[in-house]
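Engineer: Numbering (the UniProt record's numbering), first residue to last: 244 to 611.
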Amino acid sequence: GAASKDGYRHFMLKEIYEQPQVIAATLEGRLSERRVLAESFGPQAEALLSRARQVHIVACGTSYHAGLVARYWLEKYAGLPTQVEVASEYRYRRVVVPEDTLFVTLSQSGETADTLAALRFARERGYLGSLAICNVPGSSLVRESDLALMTQAGPEIGVASTKAFTTQLVALMLLTLSLGRRHGLDAAEEARIVQALHALPGVVRQVLGLDAAIEALSTAFAEKQHALFLGRGAHYPIALEGALKLKEISYIHAEAYPAGELKHGPLALVDSEMPVISVAPNDELLEKLKSNLQEVRARGGELFVFADESVRLEDTEGVHVLRLPRIDEALAPLLYTLPLQLLSYHVAVLKGTDVDQPRNLAKSVTVE
Ligand code: G6P
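Okay, here's the thing in structure tokens:
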């Protein structure tokens with residue numbers, strides 16, 4: 244039947260709130276207590292996954308950002324050299340494909356023209372094989388790939404992707420652990436991350452409880468023309484995704500930078516009219532991030548920091564700190580996506596834009 248908003252004001256908000264269920268659905272049947280089940284990728288997967296020595300990931304838009312997170316994961320936990328590229332660039336250049344490289348596409352729809360063309364291009368270039376991580380069964384991408392790992396996000400109506408992104412991250416973590424096991428990932432580390440995956444839907448639900456606090460923060464953005472998002476490590480792509488969400492639905496110009504690049508340009512833009520949003524999980528880069536934040540503050544920039552509950556950071560004049568529950572470091576990028584989704588949603592509502600169908604954009608770009 245016709246999709247319904249179930250009492251939510253917009254599909255986007257409904258889809259943000261569906262994330263605990265759809266993350267659980269994407270994990271369903273794919274985990275034991277301590278491991279990723281071998282059969283998750285289908286019967287043909289074993290040969291491909293155990294031979295893979297490199298990974299090339301290709302996608303567009305929000306799906307591309309999921310790929311960027313996966314590069315941090317695949318290199319850290321599976322030790323596999325990984326490259327990530329937007330499909331429209333990849334398909335038109337000479338690509339060097341090392342032996343035993345797995346080709347991975349990411350797509351909510353499975354019908355994005357450039358991603359599909361990239362897959363067809365890749366099929367002629369001697370890859371080990373292709374895997375599609377996709378949300379639509381029977382889509383062109385799924386039909387034309389050797390393997391498919393389906394996300395279980397259900398139909399996504401809002402043009403700005405939310406639940407498709409977080410379920411892609413879940414699927415990519417399953418891929419990381421499956422490849423990792425075949426390439427020296429310690430069983431205890433796999434077990435630790437699998438346990439965190441089991442707990443994830445509950446933690447995501449807790450983060451949705453911050454909605455009212457995030458809505459209150461959003462008023463600071465309604466009159467702004469620009470915003471800067473900062474992150475480090477696997478949270479740099481989360482900053483990119485936060486900036487994309489804000490651009491797409493509120494039409495505020497937003498940029499994302501790896502926090503360490505601040506001094507190489509964007510700091511010149513920081514003044515009291517430039518809000519700076521940062522994600523600060525409690526990982527090994529925290530201290531470095533903190534000094535970046537001080538630089539912003541020293542130039543009058545108003546700071547919005549989403550931080551782990553244990554992070555010692557004062558909520559003071561011009562510094563707004565919102566605490567997120569503790570999460571295993573491996574899954575933090577997934578969790579820190581949620582407050583950024585909610586923030587852009589509330590800013591867009593304040594600005595009165597068409598949240599579910601922003602101007603000039605389409606849900607699925609099926610022509611070049
Ligand atoms: C469009 C949508 C985005 C989406 C991108 C890639 O730009 O507006 O939300 O991320 O296409 O779509 P795909 O279906 O391939 O993930």
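Cβ atoms here follow ideal geometry from the backbone N, Cα and C, with glycine treated the same way.
Are there 16 or more other CB atoms within 10 angstroms of the CB of residue 233, so buried, or fewer, so exposed?
Structural biologist: Residue 233 lies beyond the residue range present for the chain, which begins at 244 and ends at 611; the question has no answer from this structure.
Engineer: Is alanine 281 close to chain D, meaning its C-beta is less than 8 Å from at least one C-beta of that chain?
Structural biologist: The structure shown contains no chain D, having only a single protein chain.
Engineer: What are the residues that DSSP puts in a beta bridge with alanine 591?
Structural biologist: Answer is none; alanine 591 lacks a bridge partner.
Engineer: Indicate, with yes or no, if the ligand G6P has a heavy atom lying under 7 Å from the CB of leucine 604.
Structural biologist: yes
Engineer: Judging by CA-CA distance, which residue of Gly544, Val347, Gln395, Ala434 is the nearest neighbour of leucine 291?
Structural biologist: Val347
Engineer: Among Val592, Val590, Leu471, Thr609, which has the Cα closest to the Cα of glycine 544?
Structural biologist: Leu471
Engineer: Does the ligand G6P have even one heavy atom less than 7 Å from the beta-carbon of glutamine 351?
Structural biologist: yes
Engineer: Suppose contacts are defined by Cβ-Cβ distances below 8 Å. Is valine 564 in contact with methionine 255 by that definition?
Structural biologist: no
Engineer: Determine which residues share a DSSP beta bridge with phenylalanine 464 and list them.
Structural biologist: Note: phenylalanine 464 sits in no beta bridge, so no partner.
Engineer: So, under 8 Å CB-CB, valine 338 and arginine 368 are touching, yes? Tell me the CB distance rounded to an integer number of Å.
Structural biologist: Confirmed, Cβ separation roughly 6 Å.
Engineer: Please state whether DSSP places glutamate 498 in a helix, a strand or coil.
Structural biologist: It is a strand residue.
Engineer: Check whether the Cβ atoms of arginine 277 and valine 446 sit closer than 8 Å, and answer yes or no.
Structural biologist: no
Engineer: I'd like the list of long-range same chain contacts for valine 610, defined as Cβ closer than 6 Å, with 5 residues on each side in sequence excluded.
Structural biologist: Correct list, in chain order: Ala356.
Engineer: Taking the continuous beta strand (DSSP E) assigned at glutamine 326, which residues delimit it?
Structural biologist: 325 to 329
Engineer: According to DSSP, is leucine 471 part of a helix, a strand, or is it coil?
Structural biologist: Leucine 471: strand per DSSP, three-state reduction.
Engineer: Can you find a heavy atom of the ligand G6P that lies under 7 Å from the Cβ of valine 402?
Structural biologist: When distances are taken from the beta-carbon of valine 402 to the heavy atoms of the ligand G6P, the shortest one is below 7 Å.
Engineer: Is serine 373 near the ligand G6P, in the sense that its beta carbon is under 7 Å from a heavy atom of that ligand?
Structural biologist: no
Engineer: Please tell me whether, using a cut-off of 7 Å, the distance from the CB of alanine 356 to the nearest non-hydrogen atom of the ligand G6P is below it.
Structural biologist: no
Engineer: Report yes if the CB atom of leucine 567 is closer than 8 Å to the CB atom of phenylalanine 549, and no otherwise.
Structural biologist: With respect to the 8 Å criterion, leucine 567 and phenylalanine 549 are classified as neighbours on the basis of their beta carbons.
Engineer: Here's the rule I'm using: 16 or more other beta-carbon atoms within 10 Å means buried, otherwise exposed. How should asparagine 603 be labelled?
Structural biologist: exposed
Engineer: Heavy atom of the ligand G6P less than 7 Å from the Cβ of glycine 544, yes or no?
Structural biologist: For glycine 544, the shortest C-beta to heavy atom distance toward the ligand G6P is 7 Å or greater.
Engineer: Under 8 Å by Cβ, that's how I've got aspartate 571 and arginine 435 pegged, so tell me the actual separation to the nearest angstrom.
Structural biologist: 7 Å
Engineer: Going by alpha carbons, who is nearest to glutamine 264 out of Ala523, Gln449, Gln600?
Structural biologist: Gln449
Engineer: Beta strand (DSSP E) containing leucine 390: first to last residue?
Structural biologist: 390 to 393
Engineer: Are valine 402 and alanine 605 touching if we call contact CB-CB under 8 Å?
Structural biologist: yes
Engineer: Can you tell which of Val522, Lys531, Ala268 has the C-alpha that lies nearest to the C-alpha of threonine 394?
Structural biologist: Ala268
Engineer: Flag this pair as yes or no: are the beta carbons of glycine 423 and alanine 360 separated by less than 8 Å?
Structural biologist: no
Engineer: What three-state label does DSSP hand aspartate 429 in the structure shown?
Structural biologist: If DSSP states are grouped into helix, strand and coil, aspartate 429 belongs with coil.
Engineer: Check isoleucine 259 in the structure and name its three-state DSSP category.
Structural biologist: Helix at isoleucine 259.
Engineer: Are the beta-carbon atoms of phenylalanine 547 and serine 421 separated by less than 8 Å?
Structural biologist: no
Engineer: Just reading off the alpha helix (DSSP H) that isoleucine 481 is part of, what are its end residues?
Structural biologist: For isoleucine 481, the enclosing alpha helix (DSSP H) begins and ends at 479 to 493.
Engineer: Going by the beta-carbon positions, is the gap between leucine 583 and glutamate 538 smaller than 8 Å?
Structural biologist: Not closer than 8 Å, so no.
Engineer: Roughly how many angstroms separate the alpha carbons of proline 518 and valine 312, rounded to a whole number?
Structural biologist: 24 Å
Engineer: Beta-carbon separation of arginine 540 and valine 554 under 8 Å?
Structural biologist: no
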